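Numbering (the numbering used here), first residue to last: 364 to 549.
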């Protein structure tokens, strides 16, 4: 996939959140991370660009397919690591001591800790990406996903991101869950 094709994929009309703006936000979050070597920063930039190259809300293999595309596109010396990092975005969980994985996952999830109005715009964009899902099923499924994140002792595996975003992320998700449940009652 060429760079133009990658930009076109992120610009598809069905992408309301998983689009170029999401990549730009992720790259912005990466720029705030200190203590990375140039090589590690390059790995993370590549993983960020490719992590949602394939996105279809109705499919469960987006991360695997994105990783496979990345592995075909990036240089051989980083291929395996970029693919590994992208695959972590399926579960958003990392092994202890995996600093690059912790950073990538924390960056990908950083929207959860955004200011409330920005979080609400994100939640609305996610709903648009799942527009084919009936409301009751969406509310139930989305609520379960958010509850699983909230049940984690650590949402953001990178300590700096956890310190900065955990409290607000939990408040945002609790507010969305309450709204989803209110909608269920109506």
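Just so you know, even glycine gets a beta-carbon here, dropped at the ideal spot from N, CA and C. All values derive from a computational prediction rather than experimental measurement.
From the DSSP output, in three-state form, read off residue 389 for me. helix
Quick check on residue 379: does DSSP put it in helix, strand or coil? coil
contact_flag[the stretch 488-495, the stretch 433-452] where n(CB pairs < 8 Å) is 3 or more: no
May I ask which residues mark the beginning and end of the alpha helix (DSSP H) holding residue 447? 442-451
Which residue wins for smallest C-alpha separation from residue 366, given the options 424, 433 and 392? 433
Return the residue from the list 505, 411 and 403 that minimises the CA-CA distance to residue 384. 411
Kindly list the residues whose CB is nearer than 8 Å to the CB of residue 409, restricted to its own chain and excluding five residues on each side of it in sequence; keep chain order. 433, 437, 441 and 445
Going by the CB atoms, is the gap between residue 375 and residue 495 shorter than 9 Å? no
Spatial distance of residue 497 from residue 439 (CA atoms): 43 Å
Just to confirm my understanding: we take residue 372, look at its own chain, exclude 5 residues before and 5 after, and list those with CB closer than 6 Å. What are they? 416
Nearest candidate by alpha-carbon position, reference residue 460, set 534, 395, 522 and 541: 522
Using CA coordinates, which residue listed in 402, 407, 513 and 543 is at the minimum distance from residue 452? 407
Quick one: give me the first and last residue of the alpha helix (DSSP H) that residue 414 is part of. Careful: residue 414 lies outside any alpha helix (DSSP H) and carries neither H nor E.
Let me know the alpha helix (DSSP H) ranges lying completely inside the stretch 435-519, each 4 residues or longer, listed in chain order. 442-451, 462-472, 479-492 and 498-514
What does the alpha-carbon distance come out to for the pair residue 403 and residue 448? 12 Å
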